[in-house]
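Student: This is the structure I have questions about; it appears just below.
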Amino acid sequence: MSSSRSEQYRERAIRHEARARNYRRQAGLLLQRDSDADCAAALLYESAKQCINAVANQRDQNPGTTGGKVSALREITTEVPNGPTLMQNWQRADRLHIHADRGNLNPAEFAEAWEQAQAFIDTMLNIYQRDA
Amino acid sequence: MSAPAMGMTPLEYVDASKREREVGNHRKAAGLMWQATQATFIALADAHGVELGSVDEGDLIDLARGLEADGSVPKWRYRGGLAPGSLLKDHAEMGVLESYQLELAYETAEQFIKECLHEL
Chain A
49 MSSSRSEQYR
59 ERAIRHEARA
69 RNYRRQAGLL
79 LQRDSDADCA
89 AALLYESAKQ
99 CINAVANQRD
109 QNPGTTGGKV
119 SALREITTEV
129 PNGPTLMQNW
139 QRADRLHIHA
149 DRGNLNPAEF
159 AEAWEQAQAF
169 IDTMLNIYQR
179 DA
Chain B
588 MSAPAMGMTP
598 LEYVDASKRE
608 REVGNHRKAA
618 GLMWQATQAT
628 FIALADAHGV
638 ELGSVDEGDL
648 IDLARGLEAD
658 GSVPKWRYRG
668 GLAPGSLLKD
678 HAEMGVLESY
688 QLELAYETAE
698 QFIKECLHEL
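Here the protein sequences come in this chain order: A and B.
Numbering-wise, the first sequence is residues 49 to 180 according to my numbering.
Numbering-wise, the second sequence is residues 588 to 707 according to my numbering.
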């Protein structure tokens with residue numbers, strides 16, 4: 049791979065990581081300051097997706113569709129000791145995405161999904177930092 | 588120790604789900620996989636001597652938290668295991684999952700169920 053192409057992946061990874069952190073921060077503000085759970089859920093899900101983009105680009109992959117991101121995540125879970133848990137926590141983030149559209153979660157279910165989505169983001173950002 | 592009664596064992600629900608998937612009844616299949624998850628948590632409650640009031644998701648979340656509280660299992664061992672089943676519940680009720688999400692949810696739900704039953 050040419051150095052310029054590799055540099056493109058690296059630069060994308062950096063941008064995605066920054067977005068992941070910013071979206072998470074903004075999601076927290078929406079929830080705590082504005083009590084806007086639906087909007088916060090949508091943004092936390094986007095943070096989770098940006099995490100996948102960041103780690104994938106570190107590995108010279110640039111997944112496009114969400115299905116492609118999930119495929120990339122499957123590969124990542126084979127490389128970490130807590131792979132199944134990471135995937136389950138992603139599925140909680142996915143649930144927040146559904147909730148943002150349908151408003152279907154009660155407070156206990158929302159809190160659980162929120163906490164596990166945060167755990168997904170924490171783990172992915174740690175993977176990113178480890179490999180940076 | 589009483590626990591909510593369900594009609595089939597966890598693995599019977601898993602097999603029933605697979606049969607429905609094979610004929611394309613994904614919302615029914617998803618519902619059956621959620622029931623398999625519920626039945627698994629009933630078995631976990633019974634094995635740990637914990638009374639389970641209902642198989643509503645809130646009670647299962649509380650059970651999972653309780654089972655993890657003493658640190659005898661890794662964090663998210665049971666709370667994470669609820670995740671694919673609850674996504675499938677969403678699909679059964681609202682038809683919200685894409686095919687790649689369904690495939691992943693069935694896979695991870697079945698993996699969790701079989702691992703739990705193997706432990707018991």
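The beta-carbon is built from N, C-alpha and C at its ideal position, and this holds for glycine as well.
Note that this is a predicted model, so its numbers are computed, not measured.
Residues of the stretch 105–117 of chain A in Cβ contact with chain B at a cutoff of 7 Å, in chain order, please.
Tutor: Those would be G115, in chain order.
Student: Closest Cβ-Cβ distance between L675/B and chain A: below 7 Å?
Tutor: no
Student: Rounded to whole angstroms, what's the CA-CA distance from T624/B to R60/A? Just pull it up for me.
Tutor: 39 Å
Student: Where does the unbroken alpha helix (DSSP H) through G116/A begin, and where does it stop?
Tutor: Here the alpha helix (DSSP H) through G116/A covers T114 to T125.
Student: For N154/A, name the three-state secondary structure that DSSP assigns.
Tutor: coil
Student: Between which residues of its own chain and K615/B is the CB-CB distance below 7 Å, once the five residues before and five after are set aside?
Tutor: E607
Student: Could you tell me the alpha carbon to alpha carbon distance between E706/B and F699/B, rounded to whole angstroms?
Tutor: 11 Å
Student: List the residues of chain B that Q139/A touches, going by C-beta distances under 9 Å, in chain order.
Tutor: G667, A670, P671, S673, L674, Q688, L691, A692 and T695
Student: Measure the CB-CB distance between N137/A and Q164/A and report whether it falls below 7 Å.
Tutor: yes
Student: To which residues of the same chain is M135/A closer than 8 Å at the C-beta, ignoring the five residues directly before and after it?
Tutor: L121, R122 and T125
Student: Give me the residue from G594/B, A592/B, L598/B and M593/B with the minimum Cα distance to E697/B.
Tutor: Nearest of G594/B, A592/B, L598/B and M593/B to E697/B, Cα basis: L598/B.
Student: If we count Cβ pairs, one from each stretch, closer than 8 Å, do we get three or more for the stretch 100–108 of chain A versus the stretch 625–637 of chain B?
Tutor: no
Student: Can you tell me whether T596/B is helix, strand or coil according to DSSP?
Tutor: coil
Student: Given 8 Å as the limit, is there contact between the stretch 640–657 of chain B and the stretch 680–689 of chain B, that is, 3 or more CB pairs closer than that?
Tutor: no
Student: Tell whether a beta-carbon distance below 7 Å holds between G667/B and T133/A.
Tutor: yes
Student: Could you check which residue in E644/B, F628/B, C703/B and W621/B has the C-alpha nearest to that of S544/B?
Tutor: No statement about residue 544/B is possible, as the shown extent of chain B runs from 588 to 707 and does not include it.
Student: Using CA atoms only, rank isn't needed, just tell me which of K662/B, E702/B, G672/B and G645/B is closest to A692/B.
Tutor: G672/B
Student: Applying a beta-carbon distance threshold of less than 9 Å, which residues of chain B neighbour N152/A?
Tutor: Contact note: N152/A reaches chain B through D677, E680, M681 and V683, using a C-beta cutoff of 9 Å and chain order.
Student: Does the stretch 60–76 of chain A come within contact of the stretch 91–98 of chain A, defined as at least 3 CB pairs closer than 8 Å?
Tutor: yes
Student: Beta-carbon of T126/A versus every beta-carbon of chain B: anything under 7 Å?
Tutor: no
Student: Any beta carbon from chain B within less than 7 Å of E157/A's own beta carbon?
Tutor: yes
Student: Can you give me the C-alpha to C-alpha distance between L173/A and F628/B, rounded to a whole angstrom?
Tutor: 31 Å
Student: Where does K662/B land, buried or exposed, given buried means 16+ other C-beta within 10 angstroms?
Tutor: exposed
Student: Our contact map puts G115/A next to Y687/B with C-beta atoms below 8 Å; I'd like the distance itself, whole angstroms only.
Tutor: 4 Å
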